[in-house]
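Peer 1: Handing you this structure, nothing more for now.
Residue numbers (full-length UniProt numbering): 1 to 659.
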């Protein structure tokens with residue numbers, strides 16, 4: 001064992017001290033000469049025994065590099081695939097709470113982050129392997145080496161052009177590694193929500209008109225008992241029909257004026273169902289010869305009726321309810337009826353002039369005679385409602401005709417027949433009356449012609465049927481009767497804007513079609529009033545507005561496909577280097593120290609560059625590094641340090657020297 005004095009003497013002589021036994025530790029502190037002139041040899045002060053750390057040799061595990069590359073790549077690939085499965089799995093699923101979308105995106109962000117971290121780790125491992133391989137085969141300057149070793153922490157290193165020249169493949173690997181930061185900016189945001197609907201098929205009680213229900217007939221008809229002193233719903237079995245309830249008049253007026261079905265009162269806002277029920281329908285047909293004769297006779301009576309100085313000269317439309325009077329004679333009731341006991345026929349008779357084109361191509365007006373009767377019908381409704389917009393599809397099969405109720409005092413009244421008759425009554429009240437041309441004979445002046453004008457004495461002027469083609473003859477009376485001097489039939493088709501709107505509302509159809517449509521609309525419009533409906537348990541579709549998940553496939557799959565493809569290429573390059581060149585050092589300090597003494601890396605940096613090689617740097621004197629003393633600073637003092645030389649075979653510090 002050498003003494004401290006011997007160590008000092010050896011240091012002063014510039015000799016190296018070797019401790020081969022590794023059992024003796026020493027601690028020597030070298031103090032520079034305090035003289036102003038530089039000293040050739042420092043004076044050593046002794047502070048007792050001091051031990052230096054024993055640096056173990058850097059062991060490079062040959063399996064570590066390929067294992068890390070493959071393991072990180074597989075984990076990154078698994079996270080990418082998990083993300084690509086996670087989002088499609090939630091496609092079209094209903095979003096529940098408001099924060100559920102954030103939760104799913106949070107998972108997606110986690111998958112993207114882990115995929116980026118793992119793929120990046122595999123690529124940077126391959127980059128380190130390829131970097132040392134390049135250092136082993138090429139000589140590089142410290143400028144390139146600094147950029148190459150700093151590429152993992154600073155993207156600005158990729159701006160070094162010399163690095164791209166000397167480290168082509170490695171620079172590409174580093175560029176791809178930094179590019180792996182891009183996919184996480186896109187893939188989590190590919191999940192989004194869109195407005196959709198959810199349809200459920202359930203059973204529930206849904207409404208339909210109850211007019212065919214004998215227990216609900218009193219809601220439609222006013223039929224008081226024929227015998228006094230009876231108890232309601234017990235022995236008042238015989239009733240006298242006097243007219244409809246006011247609610248029926250309201251529904252008929254609203255439906256006929258609107259020209260369509262009234263909004264239905266449904267229990268669910270967004271629902272669709274179909275239902276079958278029985279209800280009345282009014283159908284019109286041509287009158288037979290006997291009926292035509294009767295209608296024509298009643299029309300002549302109406303035209304010849306005395307009205308003071310007014311004379312009816314032409315009739316374009318005449319509609320009435322045939323009623324038997326006290327002498328059992330048939331009369332025409334052409335005005336809405338009052339609620340009193342009467343003996344009418346459950347029919348509507350009408351005659352009108354319909355403009356037609358004859359065989360010679362001439363436009364002529366033909367008188368038609370039609371009779372409308374109520375029938376029992378089997379309805380099938382398809383009803384749907386979505387956000388307040390209703391769609392009703394009506395189909396029906398017409399059955400038997402319903403006559404006017406005429407029970408004897410000892411008979412049980414058919415209340416369904418009473419309800420159907422009340423229904424027919426309200427329809428007739430919208431159609432009775434006349435459209436005619438009148439002359440006023442009160443003017444006696446010979447120089448002035450008799451005044452003439454048209455009249456509409458019918459509720460039909462208030463409803464949508466006014467635009468029927470069967471009423472066009474009345475609106476042509478102005479030209480036909482030459483109301484003005486310059487008017488004639490050549491201007492009969494110059495319809496006013498309002499007439500055009502009326503015809504558009506009626507779609508220029510005939511009265512028989514419009515009346516049947518009006519009656520079916522009135523039947524369905526009973527569902528506007530919940531009191532006039534029965535509830536039947538039926539299957540229906542309930543539609544609920546929901547938000548559903550969806551994802552952008554290209555934005556999710558393409559970034560992951562590119563990232564994993566690039567990472568796979570880099571891993572293959574790293575594994576190729578591993579197979580051909582063996583395991584390379586890492587980026588720890590021990591790896592750098594070992595590389596400086598490894599003969600494989602003695603060619604870098606380039607020998608003709610301003611900086612020496614890795615192996616030569618261990619013996620380079622670095623001068624000009626000044627330190628201030630503990631008590632003050634001196635610009636004239638400087639210390640020159642000699643780099644520590646360590647044995648590559650032993651892997652520990654063998655000598656230390658300070659000049």
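Heads up, the beta-carbon is just placed ideally off N, CA and C, and yes, glycines get one too.
What would DSSP say about residue 344, mapped onto helix, strand or coil?
Peer 2: The residue you call residue 344 lines up with position 344 of the chain shown. Note: residue 344 maps to strand in three-state DSSP.
Peer 1: Looking at chain D, is there any beta carbon in it that lies within less than 8 Å of the beta carbon of residue 383?
Peer 2: Included in the structure is just one protein chain, with no chain D present.
Peer 1: Touch check for the stretch 307-315 and the stretch 326-341: three-plus C-beta pairs under 8 Å?
Peer 2: No, because fewer than three Cβ pairs between the stretch 307-315 and the stretch 326-341 fall closer than 8 Å, the two stretches do not touch.
Peer 1: Return helix, strand or coil for residue 484, following the three-state DSSP convention.
Peer 2: Sequence index remark: in the chain shown, residue 484 carries index 484 (1-based). If DSSP states are grouped into helix, strand and coil, residue 484 belongs with coil.
Peer 1: Please report the residue range of the beta strand (DSSP E) in which residue 209 lies.
Peer 2: Start at 1 with the first residue of the chain shown, and residue 209 comes out as number 209. 191-209 is the span of the beta strand (DSSP E), which, as asked, contains residue 209.
Peer 1: Could you tell me the alpha carbon to alpha carbon distance between residue 158 and residue 105, rounded to whole angstroms?
Peer 2: What you label residue 158 is simply residue 158 of the chain shown in a count that begins at 1. What you label residue 105 is simply residue 105 of the chain shown in a count that begins at 1. Those two C-alpha atoms are separated by around 33 Å.
Peer 1: Starting from the C-beta of residue 62, find all residues in its chain whose C-beta is less than 8 Å away, skip the five residues before and the five after it, and write them out in chain order.
Peer 2: The sequence position of residue 62 within the chain shown is 62, counting from 1. Around residue 62: 582, 583.
Peer 1: What is the residue span of the beta strand (DSSP E) that residue 439 lies within?
Peer 2: Within the chain shown, the letter at position 439 stands for residue 439. Taken as a continuous stretch (DSSP letters only), the beta strand (DSSP E) holding residue 439 covers 433-440.
Peer 1: Is the stretch 255-268 touching the stretch 357-377, taking contact as three or more C-beta pairs under 8 Å?
Peer 2: Result no; under three Cβ-Cβ pairs closer than 8 Å.
Peer 1: Return the CA-CA distance between residue 222 and residue 299, expressed in angstroms with no decimal places.
Peer 2: Numbered from 1 along the chain shown, position 222 holds the residue referred to as residue 222. Numbered from 1 along the chain shown, position 299 holds the residue referred to as residue 299. Approximately 31 Å, taken between the alpha carbons.
Peer 1: From this set, 72, 99, 77, which residue's C-alpha is nearest residue 547's C-alpha?
Peer 2: Taking the first residue of the chain shown as 1, we reach residue 547 at position 547. If we check each option's Cα against that of residue 547, 99 comes out closest.
Peer 1: Look up residue 243 in the DSSP assignment and say whether it is helix, strand or coil.
Peer 2: Translated into the one-based positions of the chain shown, residue 243 becomes position 243. Of the three classes helix, strand and coil, the one that applies to residue 243 here is strand, per DSSP.
Peer 1: Taking the C-alpha atoms as reference points, what is the distance between residue 120 and residue 571?
Peer 2: Counting from one through the chain shown, the residue named residue 120 turns up at place 120. Counting from one through the chain shown, the residue named residue 571 turns up at place 571. Rounded to the nearest angstrom, the two C-alpha atoms are 11 Å apart.
Peer 1: Might you give, ordered along the chain, the residues of its own chain that have their beta carbon closer than 7 Å to the beta carbon of residue 557, omitting 5 neighbours on each side?
Peer 2: For this step, residue 557 is matched to residue 557 along the chain shown. Contacts found: 84.
Peer 1: In three-state DSSP terms, what is residue 27?
Peer 2: Taking the chain shown and counting its residues from 1, one reaches residue 27 at position 27. Annotation note: pLDDT 40 at residue 27 (below 50); position unreliable, no value reported.
Peer 1: Tell me which residues share the same chain as residue 414 and place their Cβ nearer than 7 Å to its Cβ, disregarding the 5 neighbours each side in the sequence.
Peer 2: As a first step, residue 414 is located in the chain shown; it is residue number 414 there, counting from the start. Hits under 7 Å: 405.
Peer 1: Roughly how many angstroms lie between the CA atoms of residue 530 and residue 477, to the nearest whole one?
Peer 2: Mapped onto the chain shown, residue 530 falls at position 530. Mapped onto the chain shown, residue 477 falls at position 477. Spanning the two alpha carbons is a distance of roughly 45 Å.
Peer 1: When you compare the stretch 170-180 with the stretch 493-508, are there three or more beta-carbon pairs, one atom per stretch, that lie closer than 8 Å?
Peer 2: No, the stretch 170-180 does not touch the stretch 493-508.
Peer 1: Between the stretch 283-300 and the stretch 338-355, are three or more C-beta pairs nearer than 8 Å?
Peer 2: The stretch 283-300, when compared against the stretch 338-355, does touch it at the 8 Å Cβ threshold.
Peer 1: Helix, strand or coil for residue 265? Go by DSSP, reduced to three states.
Peer 2: Taking the chain shown and counting its residues from 1, one reaches residue 265 at position 265. If DSSP states are grouped into helix, strand and coil, residue 265 belongs with coil.
Peer 1: Touching or not, the stretch 449-461 and the stretch 432-440, by the rule of three or more beta carbon pairs under 8 Å?
Peer 2: With the cut-off at 8 Å, the stretch 449-461 and the stretch 432-440 touch.
Peer 1: According to DSSP, is residue 404 part of a helix, a strand, or is it coil?
Peer 2: Locating residue 404 in the chain shown gives position 404, counting from the first residue. Coil, per DSSP.
Peer 1: Return the Cβ separation of residue 198 and residue 544 in integer angstroms, given the expectation that the two are a contact with Cβ distance under 8 Å.
Peer 2: One-based indexing of the chain shown puts residue 198 at position 198. One-based indexing of the chain shown puts residue 544 at position 544. Rounded, the Cβ-Cβ distance is 5 Å, consistent with contact.
Peer 1: From 261, 479, 533, pick the residue whose C-alpha is nearest to that of residue 206; which is it?
Peer 2: Stepping through the chain shown from its first residue, residue 206 is reached at position 206. Cα-wise, what sits closest to residue 206 is 533.
Peer 1: Assuming residue 91 and residue 550 are in contact, meaning their beta carbons sit under 8 Å apart, how far apart are those beta carbons, in whole angstroms?
Peer 2: Counted from its first residue, the chain shown places residue 91 at position 91. Counted from its first residue, the chain shown places residue 550 at position 550. Contact flag correct, Cβ pair sits at about 6 Å.
Peer 1: I'd like to confirm the pairing. Which residues does DSSP put opposite residue 454 in its beta bridges?
Peer 2: In the chain shown, residue 454 corresponds to position 454, counting from 1. Beta-bridge pairing links residue 454 to 437.
Peer 1: Within this structure, are the beta carbons of residue 125 and residue 74 separated by less than 8 Å?
Peer 2: Taking the first residue of the chain shown as position 1, residue 125 is located at position 125. Taking the first residue of the chain shown as position 1, residue 74 is located at position 74. No. Outside cutoff.
Peer 1: What residue from 599, 412, 398, 420 has the CA that sits closest to residue 227's CA?
Peer 2: Locating residue 227 in the chain shown gives position 227, where the first residue counts as 1. Taking only the C-alpha atoms, the option nearest residue 227 is 412.
Peer 1: Within the chosen definition, does the stretch 253-260 reach the stretch 463-471 through at least 3 CB pairs nearer than 8 Å?
Peer 2: Flag = yes, the stretch 253-260 and the stretch 463-471 touch.
Peer 1: Just to confirm my understanding: we take residue 237, look at its own chain, exclude 5 residues before and 5 after, and list those with CB closer than 6 Å. What are they?
Peer 2: Position 237 of the chain shown holds residue 237. Cβ within range, chain order: 412.
Peer 1: Do residue 575 and residue 88 have their C-beta atoms closer together than 8 Å?
Peer 2: Counted from its first residue, the chain shown places residue 575 at position 575. Counted from its first residue, the chain shown places residue 88 at position 88. The answer is no: Cβ separation not under 8 Å.
Peer 1: If you reduce the DSSP assignment to three classes, tell me which class residue 463 lands in.
Peer 2: Within the chain shown, residue 463 is the residue found at index 463, counting from 1. Correct three-state label for residue 463: coil.
Peer 1: Let me know the secondary structure DSSP gives residue 17 once reduced to three states.
Peer 2: Working through the chain shown from its first residue, we reach residue 17 at position 17. Low confidence applies here, because residue 17 scores a pLDDT of 42, under 50, leaving its location unreliable; read the following figure in that light. Correct three-state label for residue 17: coil.
Peer 1: Looking only at its own chain, which residues have a Cβ that is under 6 Å from the Cβ of residue 332, when we skip the five neighbours before and after it?
Peer 2: Here residue 332 is taken as the residue at index 332 of the chain shown, counted from 1. Excluding sequence neighbours, residue 332 sits near 298, 320.
Peer 1: So, under 8 Å CB-CB, residue 679 and residue 377 are touching, yes? Tell me the CB distance rounded to an integer number of Å.
Peer 2: The first residue shown for the chain is 1 and the last is 659, placing residue 679 beyond what the model contains.
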